[in-house]
Amino acid sequence: MKKGPLRSRVVELLKDAIFSGRLEPGEALRELRLASELQVSQATVREALVQLEQLGLVVRQPNRSTNVTRFSAREIEERAQLRILLEAEAMEQAARKFTGADYARLGELQAALEEKVWGDDHFGRIEADLAFHRSIWEHTGNTTLVRILDNLTAPLFAFTCILRTRKLVTSRMVVNPHQRLIEAMRSGDAALMRERIREHIETSYAAFLRAGATIGLT
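To convert a position in the sequence shown, counted from 1, into my numbering, add 288.
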């Protein structure tokens, strides 16, 4: 590890281990052991774990071990239901502020996401998906709402990425056009926005939960 920021490289190595299944959900991550295996300092490992926690991939507990995020069907469903409520509110608030230029930009983000759907860059697909939704959240102007949605959604997106990289579910299985969300926002119809985001999220996570059950993620 001579090139590039060590922390970034450690983050990438651990992400790959999680997504490939070499590190299982719930598995403890010991800083000293990882530092020895990766030939970096414990401080570098600690910084990498903080970043992975922000991505929703690990859970860190004070004075205790850090573990790969363990998912249950109930936890996924609870987060999905809460996301529906909050994202519907975000869509309503953002729709009142969106301009023609904003919708054009959202359309560009949607197009970028559609391109990723058919490729093998699973994490790139997740990043594009999150960029689309975050664009809506940020237009609310409510930084607290944005932060809550980010923290709520990161583990859900991590969950989908794990399933995709393990070939248990593909983007093609859950193609869920974001254009319908844009159309709902353009209509200004709050009820339609709530209906579309509920349909969007429930359809996606139903497929993920079925696939996740086969490897004990739920």
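Idealized CB from N, CA, C, for every residue including glycine.
Computed from a predicted model, the values in this text were never measured in an experiment.
Could you check where the alpha helix (DSSP H) with residue i kicks off and where it finishes?
i      : result
Val332 : According to the sequence as given, residue 332 is Thr; it is not Val. Per DSSP, Thr332 belongs to the alpha helix (DSSP H) from 330-342.
Do residue i and residue j have their C-beta atoms within less than 8 Å of each other?
i      : j      : result
Glu315 : Val356 : yes
Gln467 : Gln381 : no
Lys404 : Arg393 : no
Pro465 : Arg367 : no
Phe359 : Pro313 : yes
CA-CA distance, residue i and residue j?
i      : j      : result
Thr432 : Glu426 : 10 Å
Thr448 : Gln327 : 30 Å
Gly388 : Ser423 : 14 Å
Ile372 : Thr354 : 29 Å
Leu302 : Asp409 : 17 Å
Glu335 : Ala479 : 43 Å
Phe386 : Phe307 : 36 Å
Met379 : Met473 : 7 Å
Gln369 : Ala305 : 29 Å
Between which two residues does the beta strand (DSSP E) holding residue i run?
i      : result
Arg348 : 346-348
Asn355 : 354-356
My assumption, with CB atoms under 8 Å, is that residue i sits in contact with residue j. Please give the rounded CB distance.
i      : j      : result
Tyr391 : Ile470 : 7 Å
Ala446 : Leu345 : 5 Å
Glu375 : Leu437 : 7 Å
Across the stretch 320-334 and the stretch 292-301, are there enough close Cβ pairs to call them in contact, namely three or more that are closer than 8 Å?
yes
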